[in-house]
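Asks:
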DNA sequence: AAGTCGTGGTG
DNA sequence: TCACCAAGACT
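This is the structure in structure tokens:
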């Protein structure tokens, strides 16, 4: 330890935060107490998701489900539809389950401690700390990707993530000031606007002097972490069948697993060794299927996907196979399609139209 | 305790 | 194009 290096003070960060804090829909104004329901819902939405993507969803969600009780009473299809396009759909299922617990077992009030929050579905170490700190001003650590980056740089922590997480947490708690909620948000604002992954604006940072990584000129090398490998491309087929009246054949996916509980156009299993010659085996029914030239490409977190699109027109008296249903064209937008099937559907409709 | 689980933006 | 990243949780 170089004794001449100044130690970081939370007060310097809070002073910066008081001048530069971001204005966000779920964030209380200075001096106001935040609404736990809004804080919680926003935290779930923001897991691994950008603020830009979340904002419109959050506004619609709050208009549709203004209270935790309203959310608890809503049908799951309604919740999944409100979430469609945001990704990580288990978050939506857990969010709904959590609302039911809070409404049914806690009188509609969220637990006001980290431990109590941690018991609820969908709330892990980070979210429990964030809600405890932001909504209830508890001195809890909310260690997300931003905070990991800020702290590993500030203290030049060499241990790789996620192994260094307990150490990062200790460092945060050791700095905890008398404004825990603002401190938690200040750390995240700093990470999001100044202490960015690439080209951090160290000259504007309130902690530039005590930052050990900046002193060494190695800011961008933190946090240390092992490189992750990308999965093999998987292939599959998607069948867009339109009845003469415009209704489209769809089905709901199983509740668990990939895209669980969301709506899809029919298709088979996605495999790395998929054989296009056998694609029609996955067809939901017998029809004059026409294959579109351009496949639909989509990238999931752990594998790329290439979907071959087949289209067909069906007679008005066509029956939906077991487990499937026809959705009127005008109501397609009300279905909880994840993005990949929205792409497949759009490609299919486009293909049907030009024929 | 690695793998699973979406999507869109960025350099 | 491509790897990385974004207020992670769950198994």
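Numbering (UniProt numbering), first residue to last: 1 to 355.
Where is the CB? At the ideal position from N, CA and C, for every residue including glycine.
Can you tell me whether residue 42 is buried or exposed, with buried defined as 16 or more other CB within 10 angstroms of its CB?
Replies: The residue in question, residue 42, is buried, as its Cβ has 16 or more Cβ neighbours within 10 Å.
Asks: From residue 146 to residue 68, what distance separates their C-alpha atoms?
Replies: Approximately 28 Å between the Cα atoms of the pair.
Asks: Take residue 83 and list the residues in its own chain whose beta-carbon comes closer than 6 Å to its own, dropping the five residues that flank it on each side.
Replies: Contacts found: 92.
Asks: CB residue 272 to CB residue 312, shorter than 7 Å?
Replies: No, these two residues do not count as a Cβ contact at 7 Å.
Asks: Indicate whether residue 201 and residue 13 have their beta-carbon atoms separated by less than 7 Å.
Replies: No, they are not a contact pair.
Asks: Which residue wins for smallest C-alpha separation from residue 259, given the options 90, 45, 139?
Replies: For the residues 90, 45, 139, the minimum Cα distance to residue 259 belongs to 90.
Asks: Flag this pair as yes or no: are the beta carbons of residue 150 and residue 191 separated by less than 7 Å?
Replies: Yes. Within cutoff.
Asks: Buried or exposed: where does residue 237 fall if 16 or more other Cβ atoms within 10 Å of its Cβ makes it buried?
Replies: So residue 237 ends up on the buried side.
Asks: How far does the alpha helix (DSSP H) with residue 173 in it extend, from its first residue to its last?
Replies: Looking at the DSSP string, the run of the alpha helix (DSSP H) that includes residue 173 is 165-175.
Asks: With DSSP run on the structure shown, which of helix, strand or coil describes residue 242?
Replies: The answer is strand: DSSP assigns residue 242 an E or B state.
Asks: Apply the 10 Å Cβ neighbour rule to residue 335 and answer buried if 16 or more other Cβ atoms are within range, or exposed otherwise.
Replies: Classification of residue 335: buried, given that the 10 Å Cβ count is 16 or more.
Asks: Is it the case that the Cβ atoms of residue 261 and residue 80 are separated by a distance below 7 Å?
Replies: Their beta carbons are under 7 Å apart, which means residue 261 touches residue 80 by this criterion.
Asks: Considering only the alpha carbon of each residue, which of 119, 222, 283, 166 lies closest to residue 142?
Replies: With distances taken between Cα atoms, residue 142 lies closest to 166.
Asks: Helix or strand or just coil, what does DSSP make of residue 231?
Replies: Of the three classes helix, strand and coil, the one that applies to residue 231 here is coil, per DSSP.
Asks: For residue 149, does the three-state DSSP call read helix, strand or coil?
Replies: In this structure, residue 149 counts as helix in the three-state DSSP scheme.
Asks: Using C-beta distances below 6 Å, list every residue in its chain close to residue 95, excluding the 5 sequence neighbours before and after it, in chain order.
Replies: 44, 122.
Asks: I think residue 222 touches residue 169, with their Cβ atoms under 8 Å apart; what is that distance to the nearest whole Å?
Replies: Contact doesn't hold; Cβ gap of about 16 Å is too wide.
Asks: Please report the residue range of the beta strand (DSSP E) in which residue 194 lies.
Replies: Element bounds for residue 194: n/a, residue is neither H nor E.
Asks: Please report how far the alpha carbon of residue 359 lies from the alpha carbon of residue 144, in whole angstroms.
Replies: Since the first residue of the chain shown is 1 and the last is 355, residue 359 is not available in this structure.
Asks: Taking residue 113 as the reference, which of 85, 40, 65, 49 has the closest Cα?
Replies: Cα-wise, what sits closest to residue 113 is 40.
Asks: Going by DSSP, which residues form a beta bridge with residue 305?
Replies: According to DSSP, which records beta bridges pairwise, residue 305 is partnered with 234, 298.
Asks: How about residue 291 and residue 310: do their beta carbons lie closer than 7 Å?
Replies: The answer is yes: Cβ separation under 7 Å.
Asks: Which partner residues does residue 262 have in the DSSP bridge list?
Replies: DSSP, once it has assigned bridges, lists no residue as partnering residue 262.
Asks: Between the stretch 208-222 and the stretch 6-26, are three or more C-beta pairs nearer than 8 Å?
Replies: Enough Cβ pairs lie closer than 8 Å, so yes.
Asks: Just verifying my parser: in three-state terms, what is the DSSP assignment at residue 143?
Replies: In the structure shown, residue 143 sits in coil (DSSP, three-state: anything other than H, G, I, E or B).
Asks: Given 8 Å as the limit, is there contact between the stretch 238-256 and the stretch 311-330, that is, 3 or more CB pairs closer than that?
Replies: Touching, per the Cβ criterion.
Asks: Going by DSSP, what residues sit across from residue 314 in a beta bridge?
Replies: In DSSP, residue 314 forms a bridge with 243.
Asks: From the DSSP secondary-structure annotation, give me the bridge partner or partners of residue 252.
Replies: Residue 252 is bridged to 263.
Asks: Do you know how far the Cα of residue 183 is from the Cα of residue 16?
Replies: Straight-line Cα distance between these residues: approximately 11 Å.
Asks: Go through its chain and collect everything with a Cβ distance to residue 36's Cβ below 6 Å, but skip five positions before and after it.
Replies: For residue 36, where only same-chain residues beyond five positions count, the Cβ hits under 6 Å are 110, 135.
Asks: Quick one: residues in its chain with C-beta nearer than 7 Å to the C-beta of residue 321, no 5 flanking neighbours on either side, listed in chain order?
Replies: Same-chain partners within the cutoff: 284, 285.
Asks: Answer with buried or exposed for residue 198, where buried requires no fewer than 16 other C-beta atoms within 10 angstroms of its C-beta.
Replies: Exposed, by the Cβ-count rule.
Asks: Just list the residues that DSSP pairs residue 325 with in beta bridges.
Replies: According to DSSP, which records beta bridges pairwise, residue 325 is partnered with 250.
Asks: Out of 148, 295, 99, 354, which has the shortest C-alpha to C-alpha gap to residue 307?
Replies: Among 148, 295, 99, 354, the Cα nearest to that of residue 307 belongs to 295.
Asks: Return the CA-CA distance between residue 344 and residue 268, expressed in angstroms with no decimal places.
Replies: Going from the Cα of residue 344 to the Cα of residue 268 covers about 14 Å.
Asks: At which residues does the alpha helix (DSSP H) containing residue 36 begin and terminate?
Replies: 36-45 is the extent of the alpha helix (DSSP H) around residue 36.
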